[in-house]
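Numbering (this note's numbering), first residue to last: 39 to 110. Where a beta carbon is used, it is the ideal one built from N, C-alpha and C, also for glycine. Here the structure is a predicted model, which is why all the values come from computation and not from measurement. Beneath this line is the structure, given in structure tokens, with notes to follow.
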Amino acid sequence: MHYILDIDIPRDELLKFYAGTARQVTAVARGGVRLAFPATVLQPHVTDDGVRGTFRLITGGDRKLRAFERVR
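Written out as structure tokens, the structure reads:
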């Protein structure tokens with residue numbers, strides 16, 4: 039199954055993940071499904087401004103994360 043997420047996390051908010059006070063990100067996909075996933079999947083997408091963009095989160099039949107990729 040795949041979900042489309044519009045993510046906008048400012049740099050200051052991301053510092054909580056690096057400080058270890060937050061390990062999970064919770065986001066609402068287009069269509070209204072609330073998802074929680076490890077903050078580590080955002081690391082390749084971090085810029086000086088934080089993480090902004092549209093992403094695809096793919097899960098398997100067991101609902102475990104299989105892939106996380108930037109769409110735009």
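For residue 105, which residues of its own chain have a beta-carbon under 7 Å away from its beta-carbon, when the five flanking residues on both sides are left out? If we look at residue 105 and ignore the five residues flanking it on each side, its Cβ neighbours are 96.
Using three-state DSSP, classify residue 60 as helix, strand or coil. In this structure, residue 60 counts as coil in the three-state DSSP scheme.
Mapping the DSSP letters down to three states, classify residue 50 as helix, strand or coil. Helix at residue 50.
For residue 89, the first and last residue of its enclosing beta strand (DSSP E): For residue 89, the enclosing beta strand (DSSP E) has its first and last residue at 88-97.
Rounded Cβ spacing between residue 83 and residue 70 (contact assumed at less than 8 Å): Taking the Cβ atoms as the reference, residue 83 lies roughly 23 Å from residue 70, outside the contact range of under 8 Å.
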